[in-house]
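Colleague: Counting in my numbering, the sequence shown runs from 8 upward without gaps.
All residues carry an ideal CB built from backbone N, CA and C; glycine is no exception.
Given the structure is predicted, the values throughout are model-derived calculations rather than measurements.
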Amino acid sequence: MSKGDVLVQMVGIVKRFPGVIANDHVNFELRKGEVHALLGENGAGKTTLMNILYGLYRPDEGRIFVKGEEITYHSPKDSIRMGIGMVHQHLKLVLPHTVAENIVLGLKEPRFRLDLRRTEEKIRALAEKYGWKIDPRAKIWQLSVGERQQVEILKLLYRDADILIMDEPTSVLTPQETRQLFESLRKMASEGRGVIYITHKLDEVFAVCDRVTVMRKGRVVATKRVSETDKQELANLMVGRPVLFRIEKKDVRPGKTVLELKDVKAYSDKGFLALNGLSLNVRSHEIAGIAGVAGNG
Numbered sequence: 008m009s010k011g012d013v014l015v016q017m018v019g020i021v022k023r024f025p026g027v028i029a030n031d032h033v034n035f036e037l038r039k040g041e042v043h044a045l046l047g048e049n050g051a052g053k054t055t056l057m058n059i060l061y062g063l064y065r066p067d068e069g070r071i072f073v074k075g076e077e078i079t080y081h082s083p084k085d086s087i088r089m090g091i092g093m094v095h096q097h098l099k100l101v102l103p104h105t106v107a108e109n110i111v112l113g114l115k116e117p118r119f120r121l122d123l124r125r126t127e128e129k130i131r132a133l134a135e136k137y138g139w140k141i142d143p144r145a146k147i148w149q150l151s152v153g154e155r156q157q158v159e160i161l162k163l164l165y166r167d168a169d170i171l172i173m174d175e176p177t178s179v180l181t182p183q184e185t186r187q188l189f190e191s192l193r194k195m196a197s198e199g200r201g202v203i204y205i206t207h208k209l210d211e212v213f214a215v216c217d218r219v220t221v222m223r224k225g226r227v228v229a230t231k232r233v234s235e236t237d238k239q240e241l242a243n244l245m246v247g248r249p250v251l252f253r254i255e256k257k258d259v260r261p262g263k264t265v266l267e268l269k270d271v272k273a274y275s276d277k278g279f280l281a282l283n284g285l286s287l288n289v290r291s292h293e294i295a296g297i298a299g300v301a302g303n304g
């Protein structure tokens, strides 16, 4: 591996908040052509570290190198200029605006007025390249959550980003959308980009990533090639103790009903119908699971 293969190098990064050290002398490296998982439990410091790389936070200590050049005090604007882009867990789009308008929002077109038709053609070509059916003229509110995430990624590609940070990207996706995302990320890596994949889901690490860095309580505890580890080892590293993947459960006879909902309707604080005719029955001595994609009530 040559020095030119290293896109990002973070050395001794420290970030303190009142009463907590979120990042404690963290080292991290991203190479060209890889999807690199940043794995850890909630609160391990993963997103904080990437917010530092993206320029949302400033480190209290440590050094950051991007493509061999050391960077100091920077902002998201500087990061975008250096080819760094981040898709946040909570998408940041303007719902009444079109796809094209969201993608070019914040860009400065020098010396001439923005040619929206040419912009739409470029966006359409980028989307088709990765197998996405995105209409540049569609309003964001008309799109599914998965399509909105694709728009966020298109914003980065439109700006020629070659360092992509994905923060818990599957939390809002269906299984089919997740598979499509993984295919797209692998294609981007094959083109020489580097992808940082923040997650706490072990299956996703093995589905799409080349290397994995494990964080626990603000520190890096290991970096490994995915092909040279397994779920048991990574789970143990995440929590700092042996983890049981199989739990012996005894057959339990449910008792009387302790909670019952019938045809419940409820509106969100934004006035949207959040629950529509929901019925639910929970009985004593049982654990009732509720599953669904984020945003479905």
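1) Are there 16 or more other CB atoms within 10 angstroms of the CB of Tyr61, so buried, or fewer, so exposed?
2) Per the contact definition of three or more C-beta pairs closer than 8 Å, is the stretch 122-141 in contact with the stretch 46-60?
3) Within 10 Å of its beta-carbon, does Ala44 have 16 or more other beta-carbons around it, so buried, or fewer, so exposed?
4) Indicate the three-state DSSP secondary structure (helix, strand or coil) for Gly92 in the structure shown.
5) Looking at the strands, I want to know which residues DSSP matches up with Leu163.
6) Could you tell me the alpha carbon to alpha carbon distance between Leu37 and Gly284, rounded to whole angstroms?
7) Note the first and the last residue of the continuous alpha helix (DSSP H) segment covering Ala29.
8) I believe Glu211 touches Thr177 by the beta-carbon criterion, under 8 Å. Please report the beta-carbon distance rounded to the nearest angstrom.
9) Any idea if Ile297 is buried or exposed, counting beta-carbon neighbours within 10 angstroms, 16 or more meaning buried?
10) How would you call Asn288, buried or exposed, if buried means at least 16 neighbouring beta carbons within 10 angstroms?
11) Report the residue from Ile87, Thr105, Gly299, Ala29 whose alpha carbon sits nearest the alpha carbon of Ile170.
12) Going by CA-CA distance only, name the one from His97, Lys22, Ala107 that's closest to Val69.
13) If we count the other Cβ atoms within 10 Å of its Cβ and call it buried at 16 or more, is Ser191 buried or exposed?
14) Kindly identify the DSSP beta-bridge partner or partners of Ile78.
15) Could you check how far apart the C-beta atoms of Leu209 and Ala229 are, in whole angstroms? I think they sit under 8 Å.
16) Under a Cβ-count criterion, where at least 16 other Cβ atoms within 10 Å of its own Cβ denotes burial, should Phe24 be classed as buried or exposed?
17) Measure the CB-CB distance between Gly47 and Met173 and report whether it falls below 7 Å.
18) Verify whether the separation of the beta carbon atoms of Asn34 and Gly225 is less than 7 Å.
19) Ends of the beta strand (DSSP E) at Asn283?
20) Using three-state DSSP, classify Ile147 as helix, strand or coil.
21) So, for Trp148: in the same chain, excluding its five sequence neighbours on each side, which residues have a beta-carbon less than 6 Å away from its beta-carbon?
22) Taking C-alpha atoms, which residue in His104, Glu135, Gly52, Met93 lies nearest to Leu202?
23) So is Asp217 buried or exposed if we call it buried at 16+ other beta carbons inside 10 Å?
24) Count the other CB atoms, across all protein chains shown, that sit within 10 Å of the CB of Pro309; report buried if there are 16 or more and exposed otherwise.
25) Here's the rule: buried if 16 or more other CB atoms are within 10 angstroms of the residue's CB, otherwise exposed. What is Leu163?
Modeller: Reading from the atomic positions:
1) Taking the sequence shown and counting its residues from 1, the one referred to as residue 61 is at position 54. Classification for Tyr61: buried.
2) No, they do not touch.
3) Working through the sequence shown from its first residue, we reach residue 44 at position 37. So Ala44 counts as buried.
4) Counted from its first residue, the sequence shown places residue 92 at position 85. The three-state secondary structure of Gly92, taken from DSSP, is strand.
5) Counting from one through the sequence shown, the residue named residue 163 turns up at place 156. Within the DSSP bridge table, the entry for Leu163 names no partner.
6) Here residue 37 refers to the residue found at position 30 of the sequence shown. Here residue 284 refers to the residue found at position 277 of the sequence shown. Taking the straight line joining both Cα atoms gives about 48 Å.
7) Looking up residue 29 in the sequence shown gives position 22. Run containing Ala29: none in the alpha helix (DSSP H); it sits in the beta strand (DSSP E), 27-38.
8) The sequence position of residue 211 within the sequence shown is 204, counting from 1. The sequence position of residue 177 within the sequence shown is 170, counting from 1. Contact flag correct, Cβ pair sits at about 6 Å.
9) Reading the sequence shown from its first residue, position 290 is the one you call residue 297. Result: exposed.
10) Looking up residue 288 in the sequence shown gives position 281. Asn288 sits exposed, since fewer than 16 C-beta atoms from the chains shown fall within 10 Å of its C-beta.
11) Mapped onto the sequence shown, residue 170 falls at position 163. Of the listed residues, the one whose Cα sits closest to Ile170 is Ile87.
12) As a first step, residue 69 is located in the sequence shown; it is residue number 62 there, counting from the start. Note that residue 69 is Gly in the sequence shown here, rather than Val. Nearest in C-alpha terms to Gly69, of all of His97, Lys22, Ala107, is Lys22.
13) Stepping through the sequence shown from its first residue, residue 191 is reached at position 184. Residue environment for Ser191: buried (at least 16 other C-beta atoms within 10 angstroms of its C-beta).
14) Along the sequence shown, one-based indexing puts residue 78 at 71. As computed with DSSP, Ile78 is found in a beta bridge with Ile71.
15) For this step, residue 209 is matched to residue 202 along the sequence shown. For this step, residue 229 is matched to residue 222 along the sequence shown. Rounded, the Cβ-Cβ distance is 14 Å, inconsistent with contact.
16) If you number the sequence shown from 1, residue 24 lands on position 17. It is exposed - the Cβ of Phe24 has fewer than 16 other Cβ atoms within 10 Å.
17) Residue numbering aside, residue 47 sits at position 40 when the sequence shown is read from its first letter. Residue numbering aside, residue 173 sits at position 166 when the sequence shown is read from its first letter. No; because the gap between Cβ atoms is not below 7 Å, this pair is not in contact.
18) Residue 34 sits at position 27 when you count from the first residue of the sequence shown. Residue 225 sits at position 218 when you count from the first residue of the sequence shown. Their beta carbons are not under 7 Å apart, which means Asn34 does not touch Gly225 by this criterion.
19) Counted from its first residue, the sequence shown places residue 283 at position 276. Here the beta strand (DSSP E) through Asn283 covers 280-290.
20) Taking the first residue of the sequence shown as 1, we reach residue 147 at position 140. Ile147: helix per DSSP, three-state reduction.
21) As a position in the sequence shown, residue 148 is number 141, starting the count at 1. If we look at Trp148 and ignore the five residues flanking it on each side, its Cβ neighbours are Leu102.
22) The sequence position of residue 202 within the sequence shown is 195, counting from 1. The displayed chain sequence assigns Val, not Leu, to residue 202. When only C-alpha atoms are compared, the closest one is Met93.
23) One-based indexing of the sequence shown puts residue 217 at position 210. The Cβ neighbour count for Asp217, taken over all protein chains shown within 10 Å, is at least 16; the residue is labelled buried.
24) The first residue shown for the chain is 8 and the last is 304, placing residue 309 beyond what the model contains.
25) Here the question's residue 163 lines up with position 156 in the sequence shown. Classification for Leu163: buried.
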